[in-house]
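First residue of the sequence shown: 19, per the working numbering; consecutive thereafter.
Ideal placement from N, C-alpha and C gives every residue a C-beta, glycine not left out.
Computed from a predicted structure; not experimentally measured.
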Amino acid sequence: MNDFIFYFKQGLAHILDIDGIDHMLFILAMVVFFDIKQWKKLLILVTAFTLGHSITLALSSFNIVQIDSSLIELLIPITIIITCFNNIIKTRKEQRTNYVFLYGLVLFFGLIHGLAFSNFLKMSLFESDSILLPLLGFNLGIEIGQLLIVTVFMILVTLILKTTSAIRHQHITIVVSVIIMLVSLYLLQGLLLD
């Protein structure tokens with residue numbers, strides 16, 4: 019049980035640590051498009067991301083799937099940029115969102131993020147007989163961290179919308195998406211120049 023708790027804390031710390039800002043940015047980019055009234059769609063979206071990263075986290079941890087970590091690190095900011103761009107386009111056109119496509123896209127991006135999570139998990143593994151408890155603990159820690167990020171962000175957005183009549187949800191979506199996109203472009207530039 020100590021292994022489980024240790025890796026739970028590792029997963030939680032990884033998602034909430036400033037060094038894991040790319041994953042935090044993706045979560046924010048993923049949820050900014052939604053308001054609190056759309057909590058069911060938001061829950062499906064977060065579940066799709068969870069399913070995606072859980073699959074590749076497990077496959078990579080058991081050495082079934084191996085992809086060069088530098089490629090994965092390069093793909094992470096690209097997933098964020100695509101998500102932000104999609105937010106801006108959908109907000110600007112005010113067209114109906116194809117949620118099945120969106121859930122599929124987030125599931126696919128979750129697969130990519132899971133490979134990055136597995137690289138971190140592998141670096142922190144001890145000589146252990148079983149990888150199952152560390153894997154479960156780490157994944158649960160990531161989930162709790164994601165839920166914290168989503169909850170705090172949604173509360174902030176709701177408070178802003180309730181206290182200011184001049185700001186609409188579309189404004190928040192565009193501003194937050196542009197900021198996240200710029201930070202992600204900066205992260206991508208740093209990776210490309212290394």
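Just checking my contact of residue i with residue j at CB under 8 Å: how many whole Å lie between their CB atoms?
i: I106; j: S195; result: 5 Å
i: G128; j: T68; result: 7 Å
i: L75; j: V124; result: The pair is not a contact, with the Cβ atoms about 16 Å apart (cut-off 8 Å).
i: S78; j: S136; result: 4 Å
i: V168; j: I45; result: 7 Å
Specify the secondary structure class of residue i as computed by DSSP and reduced to three states.
i: N116; result: coil
i: A184; result: coil
i: V50; result: coil
i: Q84; result: coil
i: D37; result: helix
i: I149; result: coil
i: D21; result: helix
Measuring straight from C-alpha to C-alpha, what distance separates residue i and residue j?
i: G208; j: D40; result: 13 Å
i: I23; j: L166; result: 18 Å
i: L151; j: L205; result: 33 Å
i: H71; j: Q164; result: 12 Å
i: L179; j: L61; result: 21 Å
i: G155; j: L210; result: 33 Å
i: Q84; j: Q56; result: 36 Å
i: H131; j: I90; result: 8 Å
i: I190; j: V175; result: 8 Å
i: I33; j: M42; result: 6 Å
i: I82; j: L133; result: 11 Å
i: T115; j: I54; result: 17 Å
Spatial neighbours of residue i within its chain, please: C-beta separation below 6 Å, excluding the five flanking residues on both sides.
i: I73; result: none
i: F51; result: N105, T191
i: G38; result: H32
i: Y25; result: P152, G155, F156
Once the 5 residues before and after residue i are set aside, which same chain residues still bring their CB inside 7 Å of it?
i: A47; result: I98, T101, C102, N105, S195, I198
i: K27; result: G159
i: F138; result: H32
For residue i, collect the residues of the same chain with a Cβ closer than 8 Å to its Cβ; drop the 5 residues on either side in sequence, then sort them by chain order.
i: L203; result: P95, I99
Check: Given 8 Å as the limit, is there contact between the stretch 118-127 and the stretch 187-207, that is, 3 or more CB pairs closer than that?
Finding: Between the stretch 118-127 and the stretch 187-207, the count of C-beta pairs closer than 8 Å stays below three; the two stretches do not touch.
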